[in-house]
Amino acid sequence: MIHDLIHESPTLLAADLCIVGAGAAGITLAVESAQKGKKVLVLEGGGATREDSSQSLYDSEIAGLPHRGIHTGRIRVKGGTTVRWGGQILELDALDFTPRPGVPESGWPFPKSTLTPFYERALSLEGLAKVERSDAAVWQDLSLPFTQYDDLEAYLSRWCPEPNFARLHHKTLAEHPNIHLWLHASAVELMTDGQAATGLRCRTLTGKEAIFRAPHYIFALGGIESSRFFLQPRAEGLPWNRSGLLGQNFQDHIDCNAAAVEPLDPKRFHDTFDPIITHGFKYLPKLRLLPQSQAAHGTLNIGSTMSFEDTGKVRGQAKSTVRNLIRARFSEVTRDNLRHTAKHLPMLVHQAWRYKVQRRAYSPPEVRIFLRVHCEQEPTSRSRITLTDQRDPLGLLRIRFDWQISERELDTIRQYVLVAQRVLANVARIIPNEDLMSGSPNFLARCDDSNHHMGGMRMSTSDATGIVDTDLRLYGLTNTYICSSAVFPSSGFSNPTHTVLALALRLSDHLK
Ligand SMILES: Cc1cc2nc3c(=O)[nH]c(=O)nc-3n(C[C@H](O)[C@H](O)[C@H](O)COP(=O)(O)OP(=O)(O)OC[C@H]3O[C@@H](n4cnc5c(N)ncnc54)[C@H](O)[C@@H]3O)c2cc1C
1 MIHDLIHESP TLLAADLCIV GAGAAGITLA VESAQKGKKV LVLEGGGATR EDSSQSLYDS
61 EIAGLPHRGI HTGRIRVKGG TTVRWGGQIL ELDALDFTPR PGVPESGWPF PKSTLTPFYE
121 RALSLEGLAK VERSDAAVWQ DLSLPFTQYD DLEAYLSRWC PEPNFARLHH KTLAEHPNIH
181 LWLHASAVEL MTDGQAATGL RCRTLTGKEA IFRAPHYIFA LGGIESSRFF LQPRAEGLPW
241 NRSGLLGQNF QDHIDCNAAA VEPLDPKRFH DTFDPIITHG FKYLPKLRLL PQSQAAHGTL
301 NIGSTMSFED TGKVRGQAKS TVRNLIRARF SEVTRDNLRH TAKHLPMLVH QAWRYKVQRR
361 AYSPPEVRIF LRVHCEQEPT SRSRITLTDQ RDPLGLLRIR FDWQISEREL DTIRQYVLVA
421 QRVLANVARI IPNEDLMSGS PNFLARCDDS NHHMGGMRMS TSDATGIVDT DLRLYGLTNT
481 YICSSAVFPS SGFSNPTHTV LALALRLSDH LK
């Protein structure tokens, strides 16, 4: 059932599990735990739809490089950031879990095989139960070769057909008798007896409070807010921060156009790199640097996609005119719309044919193409989350956010472009970005974050080197867990949410 703390007063204040945050991780945990027979309280700080007042709780001070994601890359609403994300699903590489010589603090406390069964289970909760697991089978179905290259591995990512988790799981959240989801219930204080959490104080922006209790508390607040909540000062200090690492070693994925790309044989190029849409699922062709090449070049983990510069606006306008005509909404069609559509009609026909017959996204011949690189940040990254002395309207101290990109990370991007230039020489002319290759600081301005917020609450086998243990339990408390990419010790370059969901399912089994 879904309630709103602003308008209702809870009668049920205790359950088997208290899950804080109803984003990708919180919703997955709630659905899975309810289906296992647990009574679950889900406490969500935002409302049913996006509100400026809730969103402004995330306002932060930027101390380092510009970072879009701190403000636009996390959404405080039911569904969390899945109301805006792309829904692209990838596993981390086996290499990301392994300590690498020359990459300090790399690896996880367990191998990838520990997560393998949970990655598989996560697909069902992402609406991807029927997606094709084998890349080779996807290419075979398209009657196209599955091309591989020296030093670069070709592979496919998969995309959730319904990326908004609030919508995807609406029926279960609204109707499952074991779930009570409270909106506008922002966690402001975790009460403890020194050993265990004993209650969670939640507050609305209208000043109403309630205390929720359960034997276990799971915080699923997202990659940045998790560190913020546990950094808030307490009279007894922060027992979970014996290592002093809370908020430290934040990692994002550096996203940038590192080279221009000119295909030698456009048909072959588009057949290899255009997005695939088949049997109701989207797959995106990608490349990654093989582990032995990373070791040989002394790089971090890195991969790329071909980015087709957006001509969507032109097509989008023409498409909406065609849609209005088909649905007889003639009043919405202007003379200019008709002229514009007539001009682009051949392109629209080609696009429809490419999509329906060839099951591929369409890129017009004049489109500009870039090698869009996704680069790992060092596990010992100097980026960090600390607090300012400014409080938000709920009374929590706001964040000072310091994002840094290291010389080693930039060098990884350079090495990758050179490998791609050599390896793809008979596929395309790769023209490296001059600022990147010359080491000009201008290149930093071309580097975006990826809205992938990782690190800050490192998972480790000891409280001297981490904030949570290998079961995601917060050090210093016996019954409190963190389910978020904040716990990633190494973050690779793959989109993180599929791994967060695998961790959520593993945690749910652990608490069984
Ligand atoms: C534009 C964009 C594209 C992206 N594309 C991808 C992609 O393709 N693939 C991928 O893997 N990742 C992608 N991401 C990242 C992805 O959205 C996040 O990794 C994912 O949403 C994290 O899930 P979460 O549950 O940990 O956090 P969130 O989804 O952010 O959920 C956290 C929840 O906690 C709530 N909350 C916060 N503080 C409190 C509090 N004090 N009390 C109660 N509730 C609170 C929030 O309101 C929110 O509902 C993208 C992000 C963006 C912005």
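Residue numbers (full-length UniProt numbering): 1 to 512.
Glycine included, C-beta positions come from ideal geometry on N, C-alpha and C.
Using 10 angstroms around the beta-carbon of residue i, count the other beta-carbons present and answer buried if the total reaches 16, otherwise exposed.
| i | result |
| --- | --- |
| residue 240 | buried |
| residue 467 | buried |
| residue 462 | exposed |
| residue 129 | exposed |
| residue 230 | buried |
| residue 452 | buried |
| residue 257 | buried |
| residue 442 | exposed |
| residue 59 | exposed |
| residue 224 | buried |
| residue 595 | Outside the displayed range of the chain (1 to 512) lies residue 595, so it cannot be described from this structure. |
| residue 37 | exposed |
| residue 15 | buried |
| residue 275 | buried |
| residue 292 | exposed |
| residue 280 | exposed |
| residue 294 | buried |
| residue 78 | buried |
Can you tell me where the alpha helix (DSSP H) holding residue i begins and where it ends?
| i | result |
| --- | --- |
| residue 133 | Premise fails: residue 133 is in no alpha helix (DSSP H) and is neither H nor E. |
| residue 47 | Taken as a continuous stretch (DSSP letters only), residue 47 belongs to no alpha helix (DSSP H), as it is neither H nor E. |
| residue 72 | 69-72 |
| residue 122 | 116-125 |
| residue 146 | That residue, residue 146, is in no alpha helix (DSSP H); it is neither H nor E in DSSP. |
| residue 96 | Unbroken run through residue 96: none, as it is neither H nor E. |
| residue 52 | 52-55 |
| residue 227 | 225-231 |
Considering only the alpha carbon of each residue, which of the options lies closest to residue i?
| i | options | result |
| --- | --- | --- |
| residue 307 | 273, 224 and 97 | 273 |
| residue 44 | 34, 252 and 55 | 55 |
| residue 277 | 501, 207, 416 and 132 | 132 |
| residue 459 | 282, 287, 110 and 167 | 110 |
| residue 535 | 333, 412, 120 and 269 | It is not possible to answer for residue 535, since the shown part of the chain is limited to 1 through 512. |
| residue 180 | 135, 39, 116 and 249 | 39 |
| residue 160 | 441, 85, 171 and 417 | 85 |
| residue 136 | 262, 155 and 429 | 155 |
| residue 117 | 343, 69 and 506 | 506 |
| residue 426 | 501, 148 and 353 | 148 |
| residue 187 | 207, 174 and 168 | 207 |
| residue 408 | 369, 298, 441 and 437 | 298 |
| residue 194 | 285, 224 and 235 | 235 |
| residue 103 | 504, 11 and 490 | 490 |
| residue 499 | 112, 388 and 83 | 112 |
| residue 173 | 162, 153, 138 and 33 | 33 |
| residue 394 | 369, 204 and 475 | 204 |
| residue 150 | 416, 481 and 92 | 416 |
| residue 288 | 93, 267, 464 and 68 | 93 |
| residue 377 | 49, 105 and 17 | 105 |
| residue 210 | 8, 433, 431 and 2 | 8 |
Would you kindly report the start and end of the unbroken beta strand (DSSP E) that includes residue i?
| i | result |
| --- | --- |
| residue 404 | First-last for residue 404: undefined, no H or E at that position. |
| residue 32 | Here residue 32 belongs to no beta strand (DSSP E); instead the alpha helix (DSSP H) covers 24-35. |
| residue 17 | 17-20 |
| residue 283 | 281-289 |
| residue 513 | The structure shown has nothing for residue 513, since the chain only spans 1 to 512. |
| residue 110 | Unbroken run through residue 110: none, as it is neither H nor E. |
| residue 209 | 209-212 |
| residue 4 | 2-4 |
| residue 216 | 216-219 |
Who are the near neighbours of residue i in its chain, counting only those whose CB is closer than 7 angstroms to its CB and skipping five residues on each side?
| i | result |
| --- | --- |
| residue 65 | 403, 404, 405 and 444 |
| residue 141 | 278 |
| residue 196 | 477, 478 and 479 |
| residue 122 | 498, 501, 502 and 505 |
Give me, in chain order, the residues of the same chain whose beta-carbon lies closer than 6 angstroms to that of residue i; leave out the 5 immediate sequence neighbours on both sides.
| i | result |
| --- | --- |
| residue 495 | 88 and 90 |
| residue 448 | 255 |
| residue 21 | 220 and 221 |
| residue 473 | 481 |
With a cut-off of 9 angstroms, does the C-beta of residue i fall near any C-beta of chain C?
| i | result |
| --- | --- |
| residue 117 | Here chain C cannot be found, since the structure has a single protein chain. |
Please list, in chain order, all residues of the same chain as residue i whose beta carbon is under 8 angstroms from its beta carbon, the five residues on each side excluded.
| i | result |
| --- | --- |
| residue 381 | 249, 250, 251, 404, 406 and 455 |
Of all the alpha helix (DSSP H) runs that stay within the bounds of the segment 432-497, which reach a length of 4 or more residues? 434-438, all fully within the segment 432-497.
Mind pulling the alpha helix (DSSP H) runs of 4 or more residues that sit fully within the segment 159-207? You should have 165-168 and 170-175.
Identify every run of the beta strand (DSSP E) within the segment 247-275, keeping only runs that are complete inside it and at least 3 residues long; order them along the chain. Within the segment 247-275, the complete beta strand (DSSP E) segments at least 3 residues long are 254-263, listed from N- to C-terminus.
Length at least 4, wholly inside the segment 329-390: the alpha helix (DSSP H) runs in chain order: Within the segment 329-390, the runs of alpha helix (DSSP H) at least 4 residues long that lie entirely inside it are, in chain order, 335-356.
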